[in-house]
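Notes for the one structure printed next.
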Amino acid sequence: MCGIVGYVGKRNAQDVLLDGLEKLEYRGYDSAGVALTQRDGIRVVKSKGRLSTLRSKLEELALPQSSCGIGHTRWATHGEPSDVNSHPHSTPRVSIVHNGIIENYGALKERLIAKGYTFASETDTEVLVKLIDSCYQGQALQAALAKVRGSYALAVLFKDYPDTIFAVKRESPLIVGWGEGENFVASDIPALLKYTRTVYYIDNIEIDRLTPDSIEFFNIDKEPITRESTTIEWDAEAAEKGGYEHFMMKEIYEQPAAGRDTISPRLKDGQIDLSELALDEEAIRNVHRLYIIGW
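This is the structure in structure tokens:
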């Protein structure tokens, strides 16, 4: 479970992203990061630890104001909490934040290495951003996602489109928010309530393009589609409960997704893989009892 925020508009994007990530820190707290469009490209700043660590780093850097960016707060699935495993993941021309699991990332990574790509992190997200980069000539997102198995919610920046955010999802929550001269994307409603109550719930395998003045919705074949907006009537506390009356009910209903997110990174090509836990067959055979705590 992680948090995604994206903003494009007239405000300082860094401030909007940090505000939104603070509302989503309950979804992930082992690292955080932002990618901001600058005159010379996309600037990424990220760090292990709570959001306060990222805030301090950004204050020290004092970056030029940006009007477009994406942010992420992470709960580790692939790879331990670290600066290099934190999101966003980037190439010189693409930057993404990602929730979900790319099931076939191992096979994709091998193909990309054969093409000359190198990898610094342990994450499936770095594989995904480099897959998008490898499809850069043409419809990069459509071409890349056609090769991907798994669940995902993505917010994407391209260096060549400095005032545009692309958003796409499959089986992971993602919403788009509308404002006057500004637009938003987030993985949950609380991140947007300070700025807008007009949101669009987007469908699976739908690609949305956000600029300061427009939101466009497309299917995977790049055909325009129509979305109806929804006005959020909940207050901030109710929004954080996801519409449930109590946090306990929200957590109960989130258990299937939480279970899938925990198990999926340990399944590779249909086989159980516990290599990142340093458990070999002998160690597993010597386990005689399991305790499941806090499930």
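Take the working numbering: the last position of the sequence shown gets the number 373, and nothing is skipped along the way. Positions of the beta carbon are idealized from the N, C-alpha and C atoms, including for glycine. Because the structure is a prediction, the values reported are computed rather than measured.
Taking Asn282 as the centre and dropping the five residues before and after it, the same chain places the C-beta of Lys247, Arg248, Glu249 closer than 8 Å to its C-beta, in chain order. For Ser229 and Val122, the gap between their C-alpha atoms comes out near 24 Å. Look at Val254 here: in three-state DSSP terms it is strand.
Annotated as proximal: Gly257 and Tyr273, with beta-carbon spacing under 7 Å. In the DSSP assignment, Gly81 forms a beta bridge with Thr151.
Counting every other CB atom within 10 Å of its CB across the protein chains shown gives Gly184 a total below 16, marking it as exposed. Straight-line spacing of the CA atoms in Lys126 and Val175 works out to 15 Å. If you check the CB distance, Leu206 and Ile243 do not come in under 7 Å.
For Phe325, the number of other beta carbons within 10 angstroms of its own is below 16, and it is reported as exposed. Judged by beta-carbon spacing, Gly149 lies beyond the 7 Å limit of Val172, meaning their Cβ atoms are not closer than that value. Membership of Lys124 in the beta strand (DSSP E) is indicated by the continuous run 119 to 126. When C-alpha distances from Arg275 are compared across Ile293, Val254, Asp291, Pro290, the shortest belongs to Val254. Listed as beta-bridge partners of Ala264 by DSSP are Val83, Ile253.
Distance from the CA of Ser199 to the CA of Lys187, rounded to the nearest whole angstrom, comes to 12 Å. Contact annotation, Asp97 with Lys124: C-beta distance approximately 17 Å; criterion of less than 8 Å not satisfied. DSSP, read as helix, strand or coil, puts Gln217 in coil. Listed in chain order, the alpha helix (DSSP H) elements of length 4 or more contained wholly in the segment 273 to 350 are 314 to 318, 325 to 341. Spatial neighbours of Thr304 in its own chain (CB-CB distance under 6 Å, excluding positions within 5 residues in sequence) are not present. Here Ile243 carries a strand assignment [DSSP, helix/strand/coil]. Rounded to whole angstroms, the Cβ separation of Val263 and Ile120 is 16 Å, and the two are not in contact under 8 Å. Within the model, the alpha-carbon separation for Glu301 versus Gly259 is close to 24 Å. Straight-line measurement puts the Cα of Thr115 at about 11 Å from the Cα of Tyr85. Looking at Leu139, Gln143, Cys80, the one whose alpha-carbon comes closest to that of Asp93 is Gln143. The DSSP-derived three-state label of Gly184 is helix. With a cutoff of 7 Å on beta-carbon distance, Ala222 and Leu209 are scored as near each other.
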